[in-house]
Each structure stands twice: as structure tokens, then as C-alpha cells.
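*Asks:*
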Amino acid sequence: MAEGVLYCVATPIGNLEDMTARAKRILAEVDKVYAEDTRVARSLFAHFGIQNTLASLHDHNEAGRVAGIRAELEQGMQLALVSDAGTPLISDPGYKLVHALGQEGHRIVPVPGVSAVIAALSVAGLPTDRFVFEGFLPAKPAARRKALEGLRDESRTLVFYESSHRIADMLADLAVAFGADRQVVMLRELTKLYESIYRGSAGDLVAQMSADPNMSRGEFVVAAGGSKGVGLELHAALSADSVLAVLLEELPVKQAAAIAARLTGLPKNQLYKQALAKGS
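Going by the UniProt record's numbering, the sequence shown opens with residue 1, and the numbers climb by one from there.
#1: How far does the beta strand (DSSP E) with Met186 in it reach, from first residue to last?
#2: Using the DSSP secondary-structure output, state which residues sit across from Ile108 in a beta bridge.
#3: Please say whether Pro93 and Glu36 have beta carbons closer to each other than 7 angstroms?
#4: Let's see if you can read the secondary structure: which residues bound the beta strand (DSSP E) around Ser201?
#5: So, are the CB atoms of Val206 and Ala116 less than 7 angstroms apart?
#6: Could you give the DSSP three-state label for Ser163: helix, strand or coil?
#7: Check each candidate in Glu134, Arg39, Val82 and name the one with the smallest Cα separation from Glu62.
#8: Is the region 258-272 in contact with the region 242-250, if contact means three or more CB pairs nearer than 8 angstroms?
#9: Pop quiz: Ala119 and Thr191 are said to be a contact at Cβ under 8 angstroms. What is the actual Cβ separation, rounded to whole angstroms?
#10: I believe Met170 touches Leu137 by the beta-carbon criterion, under 8 angstroms. Please report the beta-carbon distance rounded to the nearest angstrom.
#11: Rounded to whole angstroms, how far is the Cβ of Ala180 from the Cβ of Leu263, which I believe are closer than 8 angstroms?
#12: Are Leu101 and Gly4 close, meaning C-beta to C-beta below 7 angstroms?
#13: Drop a sphere of 10 angstroms on the beta-carbon of Leu16, count the other beta-carbons inside from all chains shown, and report buried for 16 or more, exposed for fewer.
#14: What do you reckon, are the CB atoms on Leu54 and Val40 nearer than 7 angstroms?
#15: Out of curiosity, what's the CA-to-CA distance linking Phe45 and Arg144?
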């Protein structure tokens with residue numbers, strides 16, 4: 001009997017030309033493909049003319065799928081695992097399955113391709129010899145702020161994923177936790193039609209996003225430079241004047257004062273008066 005194999009196959013994150021020849025061949029040749037969303041996989045298969053059996057494997061059914069997939073591998077079946085986009089298991093389902101099968105000695109083969117975190121780092125212009133991938137931060141504001149505070153003094157480049165409806169709040173919270181002058185690169189819609197890369201300080205990007213709602217549309221990778229060891233004392237002494245100066249270049253006084261209050265923790269009324277004084 002042939003040895004059963006599970007292939008973890010990377011698929012494009014946007015541009016379908018990024019699909020590798022090996023990925024197309026494996027997905028066509030295996031006995032069955034497990035997909036995070038079979039509708040997404042079916043659309044991908046139709047584009048490349050792939051015909052194969054599809055079954056779902058997502059966060060809600062993964063644990064229950066392990067026994068059945070184990071049995072299929074023991075029968076010598078060739079299987080593949082794909083996520084909706086990118087490399088399986090990277091902020092996507094599959095960990096429970098791969099962990100269990102790996103512990104049991106089953107053969108698991110990577111079919112590499114696109115990964116949004118690696119694609120982002122390749123163009124971010126931040127140090128990449130050492131980096132930390134944090135995936136998606138907590139959705140709830142308090143938990144997100146706590147997580148960012150815990151990462152404030154991390155010296156390695158930090159990489160996050162974020163969604164359109166949380167990106168503005170995430171950037172504002174990052175600016176508070178890391179300081180408005182921390183270097184940030186925000187990558188939107190990587191490999192897609194409206195791919196955009198925004199570079200600057202955290203405070204700059206918060207101001208730009210407040211002035212341009214279109215910046216918050218799409219899917220995001222956010223890369224932040226590591227801490228330079230400034231320490232908590234200097235961070236706490238973040239200059240309200242420097243924050244206001246940046247914000248007033250792009251925004252009206254009232255809006256600049258409101259955002260500066262979020263970034264510095266100082267009273268909005270006080271910052272509004274400072275902003276008026278700077279403009280007079």
C-alpha cells in the first residue's frame with residue numbers, strides 16, 4: 001500500500017499569477033483537498049481548470065476532522081490542505097490537524113508559495129534578520145492595548161495582520177503603546193489591484209488615515225520597527241508639541257487635538273488650546 005501523504009499547499013493572496021506550477025499539479029493529482037472554505041477553493045480550481053474532490057476544514061470542524069483524515073492517510077490516500085489565501089496554518093486553520101498527524105509520524109509535505117507576512121517584510125524596508133510575527137491582535141480594545149503594551153520594548157521588527165474595520169483603532173493604539181515616532185509600514189491589499197504601501201511614523205499614519213478614509217479599506221499587514229531601547233521614561237514623556245505639529249499639517253485643529261489626546265494620554269481640552277496657540 002502506498003504511503004499516505006498530507007500536502008500543505010500555499011495559494012495566492014490576491015494575484016492568481018502567484019500560483020506555483022507545483023501547487024497546481026499537487027491539487028489536481030491528490031485524492032482529496034481539504035479547504036478552509038470550499039467555495040473559495042472551488043473558484044480557485046475553476047480558474048486553473050482543476051477538478052478534484054473538496055471537503056471543508058475550518059476552525060469550527062477541525063478537531064472533528066482529525067480522526068477521519070488519519071484514517072484516510074492510513075489507507076494510503078494522498079491529501080492536500082489549503083486555506084482561503086496564502087500558506088496554511090499561518091493565522092489560518094490546520095494547526096490541530098498537522099500537530100496531531102506529525103506526532104503520530106504521518107508524512108506531511110510543504111508546498112511553499114505566497115505568505116503575506118514574508119511578502120510584506122520583503123518590501124517594508126525594516127530589519128528582517130530577526131522579526132516577530134504576532135498575527136491578529138485581540139479584537140477587544142482593552143485586550144489589544146494590553147497586548148501592545150507587552151510588546152513595547154521588543155527590539156525585533158514586529159509584524160501584525162489586521163482587518164479593515166479595526167485598522168484605524170489598531171494604529172492609534174500602537175502609537176500610544178509604542179510612541180508616535182515609532183517607524184511603521186502599513187501594507188494594504190498586497191498583490192491585489194489596489195495594493196498600497198504607507199511608510200512613516202505611527203503618528204503620521206494615524207493622521208493620514210484620519211484624513212483619508214480610503215486608507216482603511218482592504219486587508220492589512222502592519223510592520224513596526226523594533227524598540228531602540230528608549231525606555232519607559234522617555235516614552236511617558238512623549239512630546240505633545242511634536243505630535244500636534246505632525247497632526248496639524250494634515251488635520252483641522254479640533255481633530256488634531258482629539259487624536260493627540262489619544263496618542264499622549266493628555267486632556268483633549270489642554271491639547272486643543274495648545275493647537276490653537278500653535279496656529280496663531
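For glycine and all other residues, C-beta sits at the position ideal for the given N, C-alpha and C.
Only a predicted model underlies this, so the values are computations on that prediction, with no experimental measurement involved.
*Replies:* Straight from the coordinates:
#1: Residue 186 sits at position 186 when you count from the first residue of the sequence shown. Where Met186 is concerned, the enclosing beta strand (DSSP E) stretches over 183-188.
#2: The residue you call residue 108 lines up with position 108 of the sequence shown. Paired residue(s): Leu6.
#3: Here residue 36 is taken as the residue at index 36 of the sequence shown, counted from 1. Here residue 93 is taken as the residue at index 93 of the sequence shown, counted from 1. Yes.
#4: For the purposes of this step, residue 201 is taken as residue 201 along the sequence shown, with counting starting at 1. First-last of the beta strand (DSSP E) with Ser201: 196-201.
#5: The residue given as residue 206 occupies position 206 in the sequence shown. The residue given as residue 116 occupies position 116 in the sequence shown. Their beta carbons are not under 7 angstroms apart, which means Val206 does not touch Ala116 by this criterion.
#6: Taking the sequence shown and counting its residues from 1, the one referred to as residue 163 is at position 163. Three-state DSSP puts Ser163 in coil, outside helix and strand.
#7: On the sequence shown, position 62 is the one that residue 62 refers to. For the residues Glu134, Arg39, Val82, the minimum Cα distance to Glu62 belongs to Val82.
#8: yes
#9: One-based indexing of the sequence shown puts residue 119 at position 119. One-based indexing of the sequence shown puts residue 191 at position 191. At roughly 7 angstroms, the Cβ-Cβ gap stays under 8 angstroms, so Ala119 and Thr191 are in contact.
#10: Translated into the one-based positions of the sequence shown, residue 170 becomes position 170. Translated into the one-based positions of the sequence shown, residue 137 becomes position 137. Contact holds; Cβ gap of about 6 angstroms.
#11: Translated into the one-based positions of the sequence shown, residue 180 becomes position 180. Translated into the one-based positions of the sequence shown, residue 263 becomes position 263. Correct: roughly 5 angstroms between the Cβ atoms.
#12: Along the sequence shown, one-based indexing puts residue 101 at 101. Along the sequence shown, one-based indexing puts residue 4 at 4. Not in contact: Leu101 and Gly4 (Cβ atoms no closer than 7 angstroms).
#13: To locate residue 16, count along the sequence shown from 1; it is residue 16. Exposed: under 16 other Cβ atoms inside 10 Å.
#14: Taking the first residue of the sequence shown as position 1, residue 54 is located at position 54. Taking the first residue of the sequence shown as position 1, residue 40 is located at position 40. Against a cut-off of 7 angstroms, the Cβ pair of Val40 and Leu54 comes out as no contact.
#15: Within the sequence shown, the letter at position 45 stands for residue 45. Within the sequence shown, the letter at position 144 stands for residue 144. One C-alpha to the other measures close to 37 angstroms.
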